[in-house]
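Per the UniProt record's numbering, the very first residue in the sequence shown carries number 1; after that it's consecutive. We put the beta carbon where it would ideally sit given N, CA and C, even for glycine.
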Amino acid sequence: MAIFTYASYNNQTKNTSFSMLIIIFTLFYAFFNPAHSISFNFTSFQSNLYLIKFQGDAFSSNNVLQLTKNQLDGPITRSVGRASFDQPLKLYDKETKELTDFTTHFTFIMRAVNLSLFGDGLSFFMAPFQSDIPENSAGGYLGLFSQWIEIHNILTWSFNSSLKSGNGKNIKVGLGVGLSVGFGSLTCLVGLLWFTFWRKRKVINKGERDNNRDFDASIDEDEFERGTGPKRFTYKELSNSTNGFDEKGKLGEGGFGGVYKGLLEKNNKLEVAVKRVSKGSRQGKKEYISEVRIISKLRHRNLVQLLGWCHEKSELLLVYEYMPNGSLDYHLFGKGVMLTWSVRYKIALGIASSLLYLHEEWEQCVVHRDIKSSNVMLDANFNAKLGDFGLARLVDHELGSQTTVLAGTMGYLAPECVTTGKSSKESDVYSFGVVALEITCGRRSIESNEEAKKIRLVEWVWELYGKGELFEGVDRGLNLEFDERKMECLMVVGLWCCHPDFTMRPSIRQVINVLNFEAPLPSLPSKLPVPMYFAPPMEMCRFSYTSDGLTNTTKGSSTYSSISAGSRKSLL
């Protein structure tokens with residue numbers, strides 16, 4: 001017998017995610033074992049845990065069963081847990097052809113994370129002995145009742161039954177308090193639920209077939225058949241490779257979903273990174289198609305390679321080469337290794353090289369639109385590889401930018417993107433400049449805890465440049481162990497790329513020439529120029545951006561009639 005509830009939390013960023021509780025006493029149709037009774041009484045959960053089988057996120061803590069995550073220092077959404085008593089219960093007597101009538105009682109506590117926002121809803125089901133948690137079993141797939149998160153604690157659990165072998169006497173089953181279910185009624189309920197599920201599944205399957213046709217139309221099947229492009233994976237392959245998208249193997253969370261480490265058994269145990277596009281992302285399908293359509297055709301040593309894709313079971317999955325050293329931001333701002341100056345300079349050159357390929361060397365100009373340190377991956381030798389092409393757009397080299405929807409990450413967005421909504425090669429260069437300054441200074445583009453003049457990295461470094469104190473901004477973790485000529489070069493190039501006037505920024509080719517000391521450093525104004533823009537000729541009806549450190553994509557509407565210099569400054 002099983003009981004479950006789920007809850008999902010719709011937070012301020014409008015992401016919907018799920019958490020589900022399952023506490024189960026498994027029932028087994030034993031046609032060959034002698035009948036036997038079962039009885040137990042758990043007043044706490046400490047020394048008797050060998051009698052309980054934990055699955056999913058379930059665990060024991062403080063003498064109680066915890067069936068969903070409650071570690072508030074990490075994500076607690078999409079949580080599924082199950083605890084089973086490690087013995088089967090016989091429901092059917094083969095000799096007498098009689099089924100068991102039973103009564104079950106559960107006592108449990110559901111504790112809301114936020115006392116003003118809490119979930120509800122319970123459901124019961126039967127499962128075979130030693131069964132596993134089904135795929136896609138979070139509450140959102142089950143049509144339950146709530147949209148909030150709750151934490152589930154089982155304090156006590158008691159059970160008793162009696163069953164006489166062969167003569168069909170009544171079987172009595174009891175548990176704590178609460179619910180009595182007759183098997184006949186349960187059979188009718190199961191039949192009704194099966195019919196409802198079958199109808200719903202039929203509609204879903206039709207929708208999936210339509211979606212698959214749309215997705216297939218976006219894939220270069222000729223390239224796929226030639227074996228030169230990424231391949232199609234099955235959902236089963238990717239689920240098995242990631243151990244069912246186990247949270248323990250989660251590499252990170254991006255704006256459009258989580259990334260999990262996987263091991264492809266059929267590909268000589270190849271390590272991969274599997275991106276699972278979030279169902280809560282309003283633009284998930286669009287970004288998925290964009291990545292497959294664009295990055296599948298790109299080949300460069302400084303771009304993360306897309307190995308394959310999958311769109312089955314309402315899931316959108318992308319498979320990339322695995323980057324063992326993670327992302328650049330992890331090492332600059334997190335708990336990674338302290339990157340030496342030579343490695344940092346090599347990383348900056350690698351990012352610039354990837355942009356040169358995207359902007360000038362491929363058959364079409366690719367505007368990435370979301371260049372930031374968390375999208376720069378590092379391989380085993382700390383070579384930089386630019387990834388996450390979910391916001392990327394193709395642009396003809398001669399026509400310039402045709403993108404008029406605001407996209408990117410606050411702190412890396414060029415001023416003209418905010419005021420006009422247009423992305424271009426120049427706005428990519430601006431974002432590169434911010435990353436270059438992060439590499440030299442070892443801090444994020446926006447640090448809200450700093451004193452006022454240091455909050456925005458670009459403004460602070462430009463002020464130091466004007467005072468002739470540029471090295472005051474250098475990452476102190478380097479302990480002055482750096483090449484001064486290269487440090488000055490990268491910092492000045494970073495400021496040059498971040499010039500508020502996009503016409504004054506360098507091309508990425510000019511950037512590489514200066515970084516290789518094949519061209520002189522530019523002379524910049526001693527004070528950060530104030531950008532001057534007229535109101536855009538069209539209405540900005542929609543925008544999309546991601547915020548670094550958050551796990552969502554935000555969309556909204558905004559209309560600009562005029563923007564003052566002060567208001568422009570507040571957006572940067």
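One or two residues paired with residue i in a DSSP bridge
| i | result |
| --- | --- |
| E472 | DSSP output for E472 lists no bridge partner at all. |
| I446 | R456 |
| Y320 | A273 and L306 |
| Y260 | K250 and V274 |
| K231 | G308 |
| E315 | E312 |
| R301 | The partner list for R301 (beta bridge, DSSP) is empty, contrary to what the question assumes. |
| V367 | R393 |
| S239 | Bridge partners of S239: none, in fact. |
| L378 | A384 |
| S526 | Partner(s): none; S526 has no beta bridge. |
| S290 | Answer by DSSP bridge pairing: none, since S290 is not bridged. |
| S327 | M377 |
Residue i versus residue j - alpha carbon distance
| i | j | result |
| --- | --- | --- |
| G182 | K94 | With a pLDDT of 48 at G182, under the threshold of 50, the predicted position of this residue should be treated as unreliable, and no value is reported. |
| I295 | G257 | 18 Å |
| H499 | H359 | 19 Å |
| M377 | K467 | 34 Å |
| L115 | L65 | Because L115 carries a pLDDT of 46, less than 50, the predicted location of this residue cannot be relied on, and the following value inherits that uncertainty. Each residue's alpha carbon lies about 21 Å from the other. |
| K527 | C417 | 22 Å |
| G168 | F54 | Low confidence applies to G168: its pLDDT is 44, below 50, so where it sits in the model is not reliable enough to give any reading. |
| residue 611 | F517 | Past the edges of the chain, shown from 1 to 572, lies residue 611, and the structure says nothing about it. |
| K275 | E253 | 9 Å |
| D379 | N41 | 53 Å |
| A535 | N240 | Low per-residue confidence applies at A535: pLDDT is 45, beneath 50, and the placement is therefore not dependable enough to give any value. |
| S290 | G390 | 6 Å |
| R299 | T68 | 43 Å |
| A58 | V80 | 8 Å |
| V461 | S448 | 16 Å |
| G334 | R485 | 27 Å |
| D86 | L263 | 31 Å |
| A519 | V337 | 32 Å |
| I455 | R444 | 9 Å |
| L470 | M487 | 9 Å |
| P230 | F482 | 40 Å |
| D388 | F45 | 45 Å |
| I512 | E426 | 15 Å |
| N381 | M323 | 10 Å |
| Y345 | A352 | 11 Å |
| K313 | S60 | 32 Å |
| E363 | P128 | 57 Å |
| E472 | K286 | 43 Å |
| Q510 | E361 | 14 Å |
| L413 | T503 | 16 Å |
| G408 | E265 | 36 Å |
| A83 | I52 | 6 Å |
| S354 | L339 | 20 Å |
| K297 | E247 | 31 Å |
| S237 | D501 | The question names Ser, but residue 237 in the sequence shown is Glu. Computed Cα separation, rounded: 49 Å. |
Beta-carbon proximity check, residue i vs residue j, cutoff 8 Å
| i | j | result |
| --- | --- | --- |
| Y260 | L270 | no |
| R369 | A392 | yes |
| T234 | C310 | yes |
| S374 | D329 | yes |
| L521 | L495 | no |
| V458 | R505 | no |
| V319 | G308 | yes |
| L332 | G411 | no |
| I439 | L490 | yes |
| L316 | Y288 | yes |
| P415 | P529 | no |
| G433 | C497 | yes |
| A436 | V493 | yes |
| G56 | I133 | yes |
| W341 | L464 | no |
| L386 | N267 | no |
| L515 | A348 | yes |
| E321 | V304 | yes |
| V367 | S431 | no |
Neighbour flag for residue i against chain D, beta carbons, 8 Å
| i | result |
| --- | --- |
| F382 | Here chain D cannot be found, since the structure has a single protein chain. |
List in chain order: all unbroken alpha helix (DSSP H) runs of 4+ residues lying wholly within the segment 474-523. Within the segment 474-523, the complete alpha helix (DSSP H) runs of at least 4 residues fall at 484-497 and 508-515.
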